[in-house]
Amino acid sequence: MEELTQLDELLGCRTEGDRREVSPCTLVIFGASGDLTSRKLIPALYHLFCGGQLPEPFRIVGVARREKTDESWRAELKDDLARYARSKGIDETVWGRFERLISYCRGDLTDSNAYEGLKARLQGFGDQRLEKNLLFYLAISPSQFAETVKRLHAHGMVRKDAQDDHWQRVVIEKPFGHDLASARELNRQITDYLHEKQVFRIDHYLGKETVQNILVFRFSNAIFEGSWNRDSIDHVQITVSEQLGVGSRGGYYEEAGALRDMVQNHLLQVLALVGMEPPVSLDAEAIRDEKVKLLQSMRSISGEEVAKQVVRGQYFGGELGGELRPAYRSEPKVSPVSNVETFVAMKILIDNWRWSGVPFYLRTGKNLPLSASEVRVQFRPVPNVLFAAKASSGMDANSVTLRLQPNAGICLGFNGKVPGSTTRLDPVLMDFRYEEEFGAYTPEAYERLLLEAVAGDSTLFIRRDEVETAWAFVDRIRSAWQGKALSNREFYAAGTWGPEAADALLGGGAPGWLNPEA
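Quick note on numbering: the sequence shown equals residues 2 to 519 in the working numbering.
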């Protein structure tokens, strides 16, 4: 038993010494009374506090228009924490210490008095570090991003010039713009008052442990990285499916659609991690450089090519899990003649040395049979000269599936001989699951992202040129759709895997779309 323990120590890469350095600071949450704060931010901060990962001292200040006291806001947050925390129950002793870090500052972000009140609250902490080391989280309407940063600068709470002892950073939620022009303008407005290194554009997908593990899987395992190229890989499928319809978000979805809501950020970020070249180091800018290069290598899809390489869809009424689902056009705040897409599938070609000729198929949609995110890497088949006749159902090409959610793990598909006196082959799976290997504990995405923002590490956040490159790509597709009504082939029943037109992207032959399994 002792020998096995020693072997574990040798094989396990211990990284406790690589823990993030965090300095005392104040986190200011604009939009403190919103859903994001109660469902994600406060639970994430509570769990970081439980784990001793927040700096000491540390303060949380919520800013919103509603009339509340420190005590009433704390009570609301505690009730919400009981519902949304990943831990079962609240440790009353820990909560008693945690809530003392929390205070509320009422104010309208369009009113200068709100900023003066916030500034006075920060000065009242009596610690220069809590007054000057500031992380502002903009959990507010995108239309308020630029003006809020401008006013923070005007009131002396963010500075662009170098500071030896103190820092200020701003975390900005998506959507970051609604097209290339608006994203560029927002970037320009914000960087009038902040350096790019002070801006943390958040995509919660990058905070998921399984998404981060894509780089570890690729670049720490020579057996895979050596074949991660056009010589060995036939194609790649990336699927992010959602069981829910748009529900109460109909008004937002009418403006966004699946292309803006999912492809421009989540799917293209996963594509960049799957396809990027090895960075020269684990430095944030080295990693982000390679992601941008990959995105810039995507072959443009525009004009007539859009009809050949991109499929949009919209769900109509159907049944999912025994529940009747309404059509998108019947959802609240949705136009009865809407042509907004709730499903997108596309074929992307990467014009670089590694991926030349290898198609990447991306797919996302609402009211699909299963909520899942996975990457399927399909290798080229071997020549059918030895075992083809012996395979019971046709010899499968090898594959690697990276399951991001649910049942996060990695699955390797290969062929094996069926025991017996004959040479008969069947496809088999080698299945690794995070929960079985590492236990049930997995930090929420916002825990990691908040901690990285406090530490000033921008690796998991999106850089300005990443945002603009992604918008430039999807804008050309949106332009080709402008004014065109959905055809009958582009509708799909709720509870199915999308419109029939999506099957044609892969040529209609084997293996076709490989649907995630529960």
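No residue lacks a Cβ here, since even glycine has one placed at the ideal position from N, Cα and C. Because the structure is a prediction, the values reported are computed rather than measured.
| Asked | Found |
| --- | --- |
| For GLY276, the three-state DSSP class (helix, strand or coil) | helix |
| Residue burial classification, GLN124 (beta-carbon count within 10 angstroms, cutoff 16) | exposed |
| Whether VAL293 touches THR470 by CB criterion (8 Å) | yes |
| CB of LEU37 within 8 Å of CB of LEU451, strictly | no |
| Backbone CA spacing between ASP352 and PHE433 [nearest angstrom] | 32 Å |
| Nearest to SER142 (by Cα), restricted to the options GLY178, ALA115, ARG130 | GLY178 |
| Under the three-state DSSP convention, the category ASN516 falls into | coil |
| GLY118 in three-state terms, based on DSSP | helix |
| Beta-ladder partner(s) of GLN315, from DSSP | PHE492 |
| Separation of TYR116 from GLY32, as counted between CA atoms | 14 Å |
| Beta-carbon proximity of ARG67 to SER34, cut-off 8 Å | yes |
| Straight-line Cα distance separating VAL383 from ALA257 | 43 Å |
| Counted within 10 angstroms of its Cβ, other Cβ atoms place PRO44 as buried (16 or more) or exposed | buried |
| Exposed unless 16 or more other CB atoms sit within 10 angstroms - verdict on TYR253 | exposed |
| VAL345 vs VAL271 beta-carbon contact at 8 Å | no |
| Stretch pair the segment 200-218 + the segment 319-338: three plus CB contacts closer than 8 Å | no |
| Cα-Cα separation between PRO360 and VAL237, rounded to whole angstroms | 7 Å |
| Rounded straight-line distance, which links the Cα of MET277 to that of ARG479 | 25 Å |
| Buried/exposed call for ALA308, threshold 16 Cβ in 10 Å | exposed |
| Simplified DSSP assignment, three categories, for MET263 | helix |
| Stretch-stretch touch, CB-based, cutoff 8 Å, three pairs: the segment 476-491 with the segment 187-199 | no |
| Alpha-carbon spacing of SER73 relative to GLY366, whole angstroms | 40 Å |
| Continuous alpha helix (DSSP H) stretch holding LEU181: start and end | 181-191 |
| Contact between the segment 276-291 and the segment 401-419 (3+ Cβ pairs under 8 Å) | no |
| VAL378 to LEU207 span [Cα, whole Å] | 20 Å |
| Cα-Cα separation, ALA398 to THR497 | 26 Å |
| Pairwise C-alpha distance: VAL341 and ASN516 | 24 Å |
| Beta strand (DSSP E) runs wholly inside the segment 41-100, at least 3 long, in chain order | 59-65 |
| Cα-Cα separation between CYS412 and VAL376, rounded to whole angstroms | 10 Å |
| CB of ILE239 within 8 Å of CB of LEU363, strictly | yes |
| Assumed close pair GLU324, GLY251 - CB separation to whole angstroms, cut-off 8 Å | Actually they do not touch by this definition, with Cβ atoms about 18 Å apart. |
| Length of the line joining the Cα atoms of GLU77 and PHE218 | 41 Å |
| Given ARG355 as reference, the closest of SER228, LEU369, LEU268, PRO370 once Cα atoms are compared | SER228 |
| Contacts around GLY513, its chain only, beta-carbon distance under 6 Å, and the 5 residues preceding and following it disregarded | LEU507 |
| Cutoff 8 Å: THR149 Cβ touching any chain C Cβ | Given the protein chain composition of this structure (a single chain), no chain C is represented. |
| Same chain, Cβ closer than 7 Å to ALA454, neighbours up to 5 away in sequence not counted | LEU136, ARG170, VAL172, PHE201 |
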